[in-house]
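The structure appears right after this line, and notes come after that.
Residue numbers (this note's numbering): 251 to 370.
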């Protein structure tokens, strides 16, 4: 890693060891061993999960945590509109259904990476 850091430094790029973390994703058949990676003599912190552009990545390569996180976020969005939309009798049911389909079904279960819109 030090060679990479030196090469990047030639172009004015510096690896921030305070912000950089390491997560190893071994194959499901292999045992997990936390890597020990150093940059300029500083050992980088190992993490089990981290959030990246709306997704939660995990070292265990299973999707369970990601699905639970997306369901939680969809529930939060639905709950925020409880008093202002869902419980208002002046808004027609058809309008509420259109809002639900347009917003929650589209955004809650879609990949959040820029340029991609594939359903998960």
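Backbone N, C-alpha and C fix where the C-beta goes; we use that ideal spot for every residue, glycine too.
As the structure is a computational prediction, the values presented were derived from the model and not from experiment.
Which residue comes first and which comes last in the alpha helix (DSSP H) that contains residue i?
{"i": "residue 256", "result": "252–260"}
Quick one: what's got a C-beta closer than 7 Å to residue i's C-beta in the same chain, skipping five residues either side?
{"i": "residue 336", "result": "346"}
Checking 8 Å against the spacing of the C-beta atoms, do residue i and residue j come in under that value?
{"i": "residue 290", "j": "residue 255", "result": "yes"}
{"i": "residue 273", "j": "residue 294", "result": "no"}
Comparing alpha-carbon positions, which option in the options lies nearest residue i?
{"i": "residue 334", "options": "349, 276 and 299", "result": "349"}
{"i": "residue 282", "options": "298, 288 and 268", "result": "298"}
{"i": "residue 276", "options": "352, 342, 314 and 309", "result": "309"}
Enumerate in chain order the residues of its own chain whose CB-to-CB distance from residue i is below 6 Å, with the five nearest sequence positions on each side excluded.
{"i": "residue 284", "result": "296"}
{"i": "residue 365", "result": "For residue 365, the predicted model reports a pLDDT of 45, less than 50, meaning its position is unreliable; a value from the coordinates is still stated below. Same-chain partners within the cutoff: there are none."}
Those runs of the beta strand (DSSP E) which lie wholly inside the region 287–351 and span at least 3 residues: 299–302 and 305–308
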